[in-house]
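*Asks:* Here you go, one structure.
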Amino acid sequence: MPEHHTETVTALPRPKTLLTQNSRLAKLKIVNWSIPALATRLPDGRTVSTCPAAGICALPCYARQGAYLWPSVKRRHQANLLFVLDDLRGWGEAMIAELTRRNQRSKQTLWVRVHDAGDYFSDDYLLEWLRVARVCPAVRIYSYTKEVERFKRLVEPDPPENFFWVYSLGGREDHLLDPSVDRVADVFPDEESIIRAGWHPQTADDRLAVTGPAPVGMSVNNLPKAKKFIAGRRFSEIQVAYNRRRAARRRHRPLRVAGRRAQQHASPNS
Ligand code: SF4
Numbered sequence: 035m036p037e038h039h040t041e042t043v044t045a046l047p048r049p050k051t052l053l054t055q056n057s058r059l060a061k062l063k064i065v066n067w068s069i070p071a072l073a074t075r076l077p078d079g080r081t082v083s084t085c086p087a088a089g090i091c092a093l094p095c096y097a098r099q100g101a102y103l104w105p106s107v108k109r110r111h112q113a114n115l116l117f118v119l120d121d122l123r124g125w126g127e128a129m130i131a132e133l134t135r136r137n138q139r140s141k142q143t144l145w146v147r148v149h150d151a152g153d154y155f156s157d158d159y160l161l162e163w164l165r166v167a168r169v170c171p172a173v174r175i176y177s178y179t180k181e182v183e184r185f186k187r188l189v190e191p192d193p194p195e196n197f198f199w200v201y202s203l204g205g206r207e208d209h210l211l212d213p214s215v216d217r218v219a220d221v222f223p224d225e226e227s228i229i230r231a232g233w234h235p236q237t238a239d240d241r242l243a244v245t246g247p248a249p250v251g252m253s254v255n256n257l258p259k260a261k262k263f264i265a266g267r268r269f270s271e272i273q274v275a276y277n278r279r280r281a282a283r284r285r286h287r288p289l290r291v292a293g294r295r296a297q298q299h300a301s302p303n304s
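Count along the sequence shown from 1, add 34, and you get the number used in my numbering.
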């Protein structure tokens, strides 16, 4: 093994505790699990896409700003991801052990939010979470996800009873969703616009996103970049507009390329 690889592993020791609490979820006694948002380059040089189905959400992403950029937080999320990548079954066993321990100590039902940052980036990783859920039936596991195709293929046919999810709009796979059938969540400029649209806010308790009435509305985070980005619209609308612009660019590109080629091949006398 090359020397620099050994140094990398030493630099990111395997986390002893997998679950943490952020200030917002701590009030509700919800623990969470996170990996880097969108994509990351690990110290050993590997680049991993951790939100492959992310769409316009990546631009104002709360998990790519503020405290998430602190070196200690980045290192921690990378160490979590490394554990998953390098020893998925060992990670699953460690998660089961920690959930069992925490659940025994907890006076109330233990809720886990998967992916304060990141998403179910591979089939194997999602399947391991499903196994964890089945081994720990007393624990409630929930998440927001943009991995629509993967969930419809791997989760929807036979979901564990304690595994809950909501599809969050603003991703590349929004077009696979039907809000009259699928549980969806959208990001709105503010609480009033959620109510006006007849959607249901989860502000009082994040778990309402998976247990309360649907469709679910979330107010955009307070970071100036996000406020500027949303500019009175919803994430789903911004994604649709983006998809249209992209499709139009694609439609015109072959013509421009064909036009350039025709010019290059045209003889001066033609
Ligand atoms: S899927 Fe979530 S964590 Fe990933 S880029 Fe989008 S908002 Fe950020």
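The C-beta atom is built at its ideal place from N, Cα and C for all residues, glycine as well.
Could you tell me whether the region 70–81 touches the region 96–113, using the rule of 3 or more Cβ pairs below 8 Å?
*Replies:* Yes, the region 70–81 touches the region 96–113.
*Asks:* Please list, in chain order, all residues of the same chain as R217 whose beta carbon is under 6 Å from its beta carbon, the five residues on each side excluded.
*Replies:* The residue labelled residue 217 in the question sits at position 183 within the sequence shown. The residues are V200 and A248.
*Asks:* Say the cut is 6 Å; is the CB of C170 nearer than that to a heavy atom of the ligand SF4?
*Replies:* Within the sequence shown, the letter at position 136 stands for residue 170. No, the ligand SF4 has no heavy atom inside 6 Å of this Cβ.
*Asks:* What's the gap between the Cα of L59 and the Cα of R285?
*Replies:* Residue mapping note: residue 59 aligns to position 25 of the sequence shown, counting from 1. Residue mapping note: residue 285 aligns to position 251 of the sequence shown, counting from 1. Computed Cα separation, rounded: 45 Å.
*Asks:* Figure out for me which residue from P49, V244 and R123 has the closest Cα to the Cα of H111.
*Replies:* By one-based count along the sequence shown, residue 111 stands at place 77. When only C-alpha atoms are compared, the closest one is P49.
*Asks:* Could you tell me if S68 is buried or exposed, where buried requires 16 or more neighbouring beta carbons within 10 angstroms of its beta carbon?
*Replies:* Position 34 of the sequence shown holds residue 68. Under this definition S68 is a buried residue.
*Asks:* What is the residue span of the beta strand (DSSP E) that R147 lies within?
*Replies:* Counting from 1 along the sequence shown, the entry for residue 147 is found at position 113. From DSSP, the beta strand (DSSP E) with R147 extends over W145 to V148.
*Asks:* What residues are listed by DSSP as bridge partners for S83?
*Replies:* Numbered from 1 along the sequence shown, position 49 holds the residue referred to as residue 83. DSSP lists A73 as partners of S83.
*Asks:* Going by the CB atoms, is the gap between I90 and G204 shorter than 7 Å?
*Replies:* Within the sequence shown, the letter at position 170 stands for residue 204. Within the sequence shown, the letter at position 56 stands for residue 90. Yes, these two residues count as a Cβ contact at 7 Å.
*Asks:* Is the separation between the beta-carbon of V118 and that of Y159 shorter than 7 Å?
*Replies:* Residue mapping note: residue 118 aligns to position 84 of the sequence shown, counting from 1. Residue mapping note: residue 159 aligns to position 125 of the sequence shown, counting from 1. Result yes, Cβ atoms of V118 and Y159 sit closer than 7 Å.
*Asks:* Exposed or buried, which one is W163 when buried takes at least 16 other CB atoms within 10 Å?
*Replies:* Counting from one through the sequence shown, the residue named residue 163 turns up at place 129. With 16 or more other Cβ atoms within 10 Å, it is buried.
*Asks:* How many Å lie between E183 and E207 at the Cα?
*Replies:* Position 149 of the sequence shown, counted from the start, is the residue given in the question as residue 183. Position 173 of the sequence shown, counted from the start, is the residue given in the question as residue 207. Looking at the two C-alpha atoms, the distance is approximately 7 Å.
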